[in-house]
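Before any comments, here is the structure.
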Amino acid sequence: MTKTLRGAFAALACSTLLASPALAELTGDLKIFLDTSNPAPRATMEKMIADFQEAHPDLNIETTVIDREAYKTQIRNFLTANAPDVANWYAANRMKPFVDAGLFEDVSDLWAEAEIADNLASTKGAMTIDGKQWGVPYTYYQWGVYYRKDIYDDLGLSEPTDWDSFKANCQAIVDSGKACFTIGTKYLWTAGGWFDYLNMRTNGFDFHMALAAGEVSWEDERVKQTFANWRELIDMGAFIDNHQTYSWQEALPFMVQGDAAGYLMGNFAVAPLREAGLTDDQLDFYQFPAINPDVELAEDAPTDTFHIPANATNKEAAREFLRFVVSADVQTEINNGKNLGQLPVNAASMVDDDKFLNEGFKMLSSNSPGGVAQFWDRDAPAEMAKVSMEGFQEFMVKPDNLDRILAKLERARQRIYK
Amino acid sequence: MFPRPIEKSTPAARVAYKTLLPVALLFWLLPLLAVAVFSVKPDADFTSGNYWGWPSSFEALNNYGKVFFASDMPRYLLNSVLITVPTVIGAVALSTMTGFALGIYKFRGNLLIFFMFIAGNFVPFQILMVPVRDLTLEMGLYNTKTGLVLFHIAFQTGFCTLFMRNFIRALPFELIEAARVEGVSEIRIFRYVVLPLMRPAIAALSVLIFTFIWNDYFWAVVLTQGAESQPVTAGITSFNAQYRAAYHLMSAGSIVAALPPVLMFFLMQRHFIAGLTLGAVK
Amino acid sequence: MQTLPKRGFWARNQRRLAPWLFLAPGIAFFLVYVILPVFQSFNLSLYEWDGLGAKEYLGLRNYEDLYWEFVDRDAFFISLKNNLIWLFLYLLAIPGGLFIALFLNQNVWGIRLYKSLFFFPFVISQVVVGLVFAWFYDPAFGLLNVALGWIGLGPINVLGDENLVTYGIIAAGLWPQTAYCMILYLTGLNAVDPEQIEAGRLDGAKGLRMLWHIILPQLRPATFIAFVVTIIGALRSFDLISIMTQGGPFGSSRVLAFYMFEVALSEYGFRMGYGAAIAVVLFLIMLCFIAYFLWSMWREEKGH
C-alpha cells in the first residue's frame, strides 16, 4: 500500500514539476476541514493527508474533522468567519449557495490542466456553475437496490428487469410475510432516493432535472404519474411500517434479520450490512428497472467534493492538495474496498475488485444513457429539497393526502424559484 | 402540616403509604431505570431482541469503558466543565454586584433596570439566535468555549440579578446603615458587610446555574461545532450518530452525560433546593 | 492631606455613583447579548438574508409569507397550533407537581431521599430526557408498547403518528417540569401556617375543601412561580423536539422555536430573515406573559 502511494507522489511530484518547473517547495500552513467523521473514512482521509504531508515536509498541515451532520450547518459559518484552506462538500446545487455568495474559489484553472481535463471529464458537469468549476470531486458511488439474494432464491425470484416483474417480485415477498423494502425516513432524504428513481424511470432524466430546477409544476400530470407508480408499491405493503421513526441505519436491521428483502440505497450501505453479518452470497445488487420503456435509464451517483474557500490563506498549497487528491493513484487507493469502498473519479484509476463496486461502475459507465443525477437534495435547491422530501415522507405514510401535498409543493415552488 | 401526618392515621394506612412510596417512585423513574439497564447489557441482547429481559451478561465495564476510552466523550465532558465553571463564576460575580446595586440603593431607574433584567431573562432564545451568532462570529469567538461562556454569563445575569436582588432586600438594612454611619465606603460595605452575608445565596445560585448551563443544548448547537469546543449535551448527539442503533453504548453515554449535574444535586441538595425556591418564593 | 479634595468628591458622591459602578459590567453584558439582539432580530425580520451574501430589504414580506402559511395551514400554522397545545398541556405540571408534593409531604423514615429521587428528572438534561422517552415510545421494543401489549393494546407508534407526536413529546417534557413544580410546592407547604390549618380543622374543613380554601391561598407565591416557569418552559420547547423527532413526521411536531431554527440554521435552512420573523412572533406571544409577570411584580413592589 505504502509502496503504491510512494509511487503515486513520486509520479505526481514529477508531473507538477513538469507542469510548473519553477514551483518552489510548498510552505506555510494548510488547514483542512473534513466531514468524514465515521471511523473508516476518517482513517482513509488521515492516511491520505499524511502521505501528502510526507511529500511536502515543509508544509504545516492541520486537519479538523467535524461530525458529518453538524458539518452541513456549520460550513456556512467557517466559510465566512474562519475559513480553512480546503474543505469538503457536495457537488451540484448543494454548492450553489456558497458559489453564489462568492465563498468558493474558482478553480477552472485546475480543470484546464491536461491531467484533470482528460481524466475527470465525466464529473465536470456536476462541478460547474455559471461555466466555471468550483472544486474537484474525490469520490462517487452508485445507488440501486441492495437485496437479500437468499430470500429471493427461497421464493424463487430473480432480479427484476421491468416494472411488472419488480412489482410481481414485491407481491411475492409481501405474500411471504416480509416487506420488500426497508427504509428509514426520519431524516427525510431516503425518501428522496425513491422519488429520484421513480420519477427518472417514469418521466426521464431531463424532466427530473427540470422539476429540480423549478421549471415544471408539481401538479403536472407527469408528476402525478410518478406518485401513482409509487402508490402501487405503498398500497401493496412494499415498505416496512413505522419508517418515519427510523434513521437509515436504524432501518438496516430489518434487512439483516430478513424482515425486509431489499433496500434502495447508496453503496455506503454495503459496509454496515457486511459488518452486521451478511455475506456476499446473501447480499446482491440490481439496477432499478425501467418503468416507462420510452425513457432512457438514468442513475443517481452522488459526488463528494473538495473545495478551496475564497477566504483561504494558502491557496497555492490548497491547489496542490486538490491535484493530489484527484490523481489517478491516490484515487485508486482511497476508493478501494479497504478505504472508502467507492468509485474513483479519475478515469485512469483502478476500480477495486469488489462485486458491488464493479457492478456499480459497469452500470454507471455503460447502462445509464439518460444521464447521472447527483441526488434529490443536491440537485434541487435546499429549501425545495426540504419541503418536498417532507412531502414524500407524508405521502409514504398518508398516500391519500397526495393532492394536498402537491398543492403545497407547488406553492413552495412559486415562492422559492422567483 | 397538610395533608394530615400519616403517623396520626391508622396503622393500615401507614403500611399502605410506606409500600406505595417505593412503588410510585419506581413508576416515576421507570424510563430512567430502563436506560440504566440498557447500559449494562451486551450488544447481543439487542440483536436477539432481548430488550427487557434480564441481561444475558453484565457488560457495564465494557460499555462504559468504550464510552470513556473509545470515543470523544471525555473531551466533551471536559469542555462542559470548562464552559460551566467560568460561566458560574462570571454570572455570580456580575449579579452579586447588580443585585447589590438594585437591592440597596434607591435611585431613579432602579425598578426600570431591574425589570429589564427580568424581562430579558424571559425572552425566547430564538430571537437572540441570529444576532448572537453573528456577533460571536465577528468577534472571532465562533466555535470557542469563550464565545459560549460570554453569552451564557450575559444571559444568566438576568435571572441571577433577580435572585440576588431579592435576597439582598431581605437582609437587615440596619447593618448597612450602621456601617455608613461609621464612615465605611460603599465599596467596602459591599466587600465586608454584604458579601459575607450573601454566602448562602451564592452557593445556591452556583449550584443552580451549574445545572442550567451543563444542560444547555440550544446554544451549544448554535455557537460551537466540533469536539474541540462542544459540551457534552451536543456531543451526545454525535456520539449517538457514531453508535447509531447500539443502544447499550448510547445508554451508557447518556448516563455519563447526565451524571455530573446529578452528583452536584445530591452533594449540594440543600443549596440547590434553596436556590430554586429562595429567589422565587421568598 | 493632599488627597482630601479627591476623597471629598468620592465621599460626597459615592452613594450616587456606587450603584452605577456596580451595575456597569452587568448592564453592559446584558445590553450587548440580550437587549440589542432583540432589536436586531426585529430589524433582520424585514430582510431576506441567507447568512452568506448581502441582505435584501423586503419590508413586511416575511410576515406576509407567514400569514399565507397560516392561511394555507402550512408549517407556521402547525407550529403555532402546537405551541398552543404545549402551553395548555404543559400547565398540567402544576396540578401534577402539587399532587406529588402533597403525597410526599410526610415525615416518615427516608422521605428526604424520596423527595430528592422524585426531583431527579429535573436535574437531567433535556437531551437525555428526549433520548430516554424516544426509546420508551419505540414502536419495535419501547416499554410503552410492551406494557400496552400486556393489556392487549397497541402497538402504537407515538412519535411516528402526526396526531399523537406532539402529545408524546409534551408528556416527556412534563416529566421534569412536574418535578420542578413539585419542589416549589414542597417548599411552599413547609411555610403553610399550622394555626390556620388547625382553625380550619375546627371549622370542619377536610380534604379537598381544606386544600381549596385554606392551603391553596397560602401557596399562591409557589403557584405564581410554577406558572411562570412552566409557561416559559412551554414556549422554549426546543431540545426535546430536536432530539426526539426533528419536527417530524412530516413537520407535524414543529413548534415556533424549532421551526425558527429549522428555517434559519438547519441543514436545508438558509432564511435568516424569515427565521427572525418567526422569532418575533414567538417573542410577541411571550411578551404578553412577560408583561403580566412584570405587572404582578410591580404591584408587589408597590405594596412593599
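So the protein sequences, as listed, match chains Z, Y and C. Take the first sequence: its position 90, counted from the start at 1, is 91 in my numbering, and no numbers get skipped. Take the second sequence: its position 130, counted from the start at 1, is 158 in my numbering, and no numbers get skipped. Take the third sequence: its position 259, counted from the start at 1, is 1399 in my numbering, and no numbers get skipped. By construction, the Cβ of each residue, glycine as well, lies at the ideal position given by its N, Cα and C atoms. Because the structure is a prediction, the values reported are computed rather than measured.
{"query": "Any chain Y beta carbon closer than 8 Å to glutamate 384 of chain Z", "result": "no"}
{"query": "Neighbourhood of arginine 193 of chain Y by C-beta distance below 6 Å, restricted to the same chain and skipping five residues each side", "result": "Gly127, Leu130 and Gly131"}
{"query": "Residue-level contact to chain C via CB, aspartate 101 of chain Z, 8 Å cutoff", "result": "yes"}
{"query": "CA nearest to the CA of valine 1268 of chain C, picked from Y:Val235, Y:Ala286, Y:Met125 and Y:Val249", "result": "Y:Ala286"}
{"query": "Serine 76 of chain Y at chain D interface by Cβ criterion, 8 Å", "result": "In the displayed structure, chain D is absent; the protein chains listed are Z, Y and C."}
{"query": "Proximal residues of chain Y, C-beta to C-beta of glutamate 70 of chain Z below 7 Å", "result": "Ala269"}
{"query": "Simplified DSSP assignment, three categories, for tyrosine 147 of chain Z", "result": "strand"}
{"query": "Min CB distance threonine 203 of chain Z to chain C below 8 Å", "result": "no"}
{"query": "Exposure of histidine 180 of chain Y, with buried meaning 16 or more beta-carbon neighbours within 10 Å", "result": "buried"}
{"query": "Selected residue, minimal CA-CA separation from threonine 162 of chain Z, among Z:Phe196, Z:Ala92 and Z:Pro294", "result": "Z:Pro294"}
{"query": "Beta carbon proximity, proline 31 of chain Y to chain C, threshold 8 Å", "result": "yes"}
{"query": "Residues near valine 137 of chain Z in its chain [Cβ-Cβ closer than 6 Å; skip 5 each side]", "result": "Phe307, Leu323 and Val327"}
{"query": "CB contact below 8 Å: leucine 314 of chain Y versus chain Z", "result": "Nothing about residue 314 of chain Y can be read from this structure; chain Y reaches only from 29 to 310."}
{"query": "Buried or exposed (CB count within 10 angstroms, at least 16 for buried), serine 67 of chain Y", "result": "buried"}
{"query": "Option in Y:Ala232, Y:Phe135, Y:Thr164 and Y:Pro259 with minimal Cα separation from arginine 1156 of chain C", "result": "Y:Phe135"}
{"query": "DSSP three-state assignment for glutamine 172 of chain Z, whether helix, strand or coil", "result": "helix"}
{"query": "Top-ranked residue by Cα proximity to alanine 107 of chain Y, from Y:Gly263, Y:Phe294 and Y:Ile230", "result": "It is asparagine, not alanine, that sits at residue 107 of chain Y in the sequence shown. Nearest of Y:Gly263, Y:Phe294 and Y:Ile230 to asparagine 107 of chain Y, Cα basis: Y:Gly263."}
{"query": "Beta carbon of leucine 1513 of chain C nearer than 8 Å to that of glutamine 1266 of chain C", "result": "This structure leaves residue 1513 of chain C out entirely; chain C is present only between 1141 and 1444."}
{"query": "Where the stretch 57 to 84 of chain Z meets chain Y: residues whose CB sits under 9 Å from a CB there", "result": "Thr65, Val66, Ile67, Asp68, Arg69, Glu70, Ala71, Tyr72, Thr74, Gln75, Asn78, Phe79, Thr81, Ala82 and Asn83"}
{"query": "Beta-carbon neighbours of glutamate 1196 of chain C, restricted to chain Y and to distances below 8 Å", "result": "Correct list: empty, because the minimum Cβ distance to chain Y is about 16 Å."}
{"query": "CA nearest to the CA of glutamate 87 of chain Y, picked from Y:Gly81, Y:Phe96, Y:Arg103 and Y:Pro70", "result": "Y:Pro70"}
{"query": "Other residues of its chain near alanine 318 of chain Z: CB distance less than 7 Å, five sequence neighbours each side excluded", "result": "Leu27, Gly29, Leu31, Leu60 and Asp86"}
{"query": "Cα-Cα separation between lysine 1442 of chain C and methionine 1322 of chain C, rounded to whole angstroms", "result": "30 Å"}
{"query": "Counted within 10 angstroms of its Cβ, other Cβ atoms place arginine 219 of chain Y as buried (16 or more) or exposed", "result": "exposed"}
{"query": "Among Z:Lys225, Z:Asp282 and Z:Phe286, the one whose alpha carbon lies nearest that of asparagine 268 of chain Z", "result": "Z:Phe286"}
{"query": "Within 8 Å, strictly: CB atoms of leucine 1163 of chain C and isoleucine 155 of chain Y", "result": "no"}
{"query": "Sequence-distant residues of its chain with Cβ nearer than 7 Å to methionine 46 of chain Z (five each side left out)", "result": "Leu35 and Thr37"}
{"query": "C-alpha gap between tryptophan 90 of chain Z and methionine 96 of chain Z, whole angstroms", "result": "7 Å"}
{"query": "Tryptophan 231 of chain Z vs tryptophan 195 of chain Z beta-carbon contact at 8 Å", "result": "yes"}
{"query": "Straight-line gap, alanine 386 of chain Z to alanine 214 of chain Z (C-alpha atoms, nearest Å)", "result": "11 Å"}
{"query": "Closest Cα partner of aspartate 176 of chain Z within the set Z:Tyr198, Z:Ile335, Z:Ala262 and Z:Thr140", "result": "Z:Ala262"}
{"query": "Burial state of leucine 1314 of chain C (16 or more Cβ within 10 Å)", "result": "buried"}
{"query": "Isoleucine 217 of chain Y versus isoleucine 230 of chain Y: straight-line alpha-carbon distance, rounded", "result": "17 Å"}
{"query": "Any C-beta of chain Z under 8 Å from that of valine 63 of chain Y", "result": "no"}
{"query": "Short Cβ contact (8 Å threshold) for glycine 1270 of chain C with glutamine 1317 of chain C", "result": "no"}
{"query": "Chain C contact for glycine 81 of chain Y (CB, 8 Å cutoff)", "result": "no"}
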